[in-house]
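Colleague: First residue of the sequence shown: 0, per numbering that gives the first Met the number 0; consecutive thereafter.
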Amino acid sequence: MMGKLEMLILMVLIALSLGCGGGGAESPSADELTVRGRLTDVKAASLLEVESITVETETGESFLLEADNRIFSGFTPSHLREHMLQGNLVTVTFHQEGERLVLNDVLD
Numbered sequence: 000m001m002g003k004l005e006m007l008i009l010m011v012l013i014a015l016s017l018g019c020g021g022g023g024a025e026s027p028s029a030d031e032l033t034v035r036g037r038l039t040d041v042k043a044a045s046l047l048e049v050e051s052i053t054v055e056t057e058t059g060e061s062f063l064l065e066a067d068n069r070i071f072s073g074f075t076p077s078h079l080r081e082h083m084l085q086g087n088l089v090t091v092t093f094h095q096e097g098e099r100l101v102l103n104d105v106l107d
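(1) State the beta-bridge partners of residue 94 as determined by DSSP.
(2) Considering only the alpha carbon of each residue, which of 97, 32 and 107 lies closest to residue 73?
(3) When the Cα of residue 60 is compared with those of 30, 104, 85 and 36, which residue comes out closest?
(4) Between 100, 43 and 38, which has its C-alpha nearest residue 69's C-alpha?
(5) Sort 104, 55, 66 and 97 by Cα distance to residue 87 and report the nearest one.
(6) Using only CA atoms, which one of 58, 79 and 53 lies nearest to residue 39?
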């Protein structure tokens, strides 16, 4: 049986592994696209839900990605804004639905 200390260590390790990682470890599907760049805009639907983000690549190409008010594990709107203010690079995966680009996941 696991003692309190072992349980605490396990919980801390799980929390650290979730950290800033995105929601999926699955391999990308054929219609999934990936872009790496800096966040230039973050719109929140609530404290936890992301409405949309805008990512600008190093070549200056800008992508408006709609999140449909989803919650992304480890990436609250405030956390995304922190990345935006610090100028940290993020990698995003998304797919196209008609004219819309829909955000699938965000990674550091």
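Note that beta-carbon positions come from the ideal geometry of N, C-alpha and C, so glycine has one too. A quick note: this is a predicted structure, and the numbers were derived from the prediction, not measured.
Modeller: Let me spell this out:
(1) Taking the sequence shown and counting its residues from 1, the one referred to as residue 94 is at position 95. For residue 94, DSSP records a beta bridge to 101.
(2) If you number the sequence shown from 1, residue 73 lands on position 74. That would be 107, whose Cα lies nearest to the Cα of residue 73.
(3) Counting from one through the sequence shown, the residue named residue 60 turns up at place 61. Of 30, 104, 85 and 36, the residue nearest in Cα terms is 36.
(4) By one-based count along the sequence shown, residue 69 stands at place 70. When each option's Cα is compared against that of residue 69, the closest is 43.
(5) Locating residue 87 in the sequence shown gives position 88, counting from the first residue. Comparing Cα-Cα distances from residue 87 to each of 104, 55, 66 and 97, the minimum goes to 55.
(6) For the purposes of this step, residue 39 is taken as residue 40 along the sequence shown, with counting starting at 1. Looking at the Cα atoms, 53 is the closest of the given residues.
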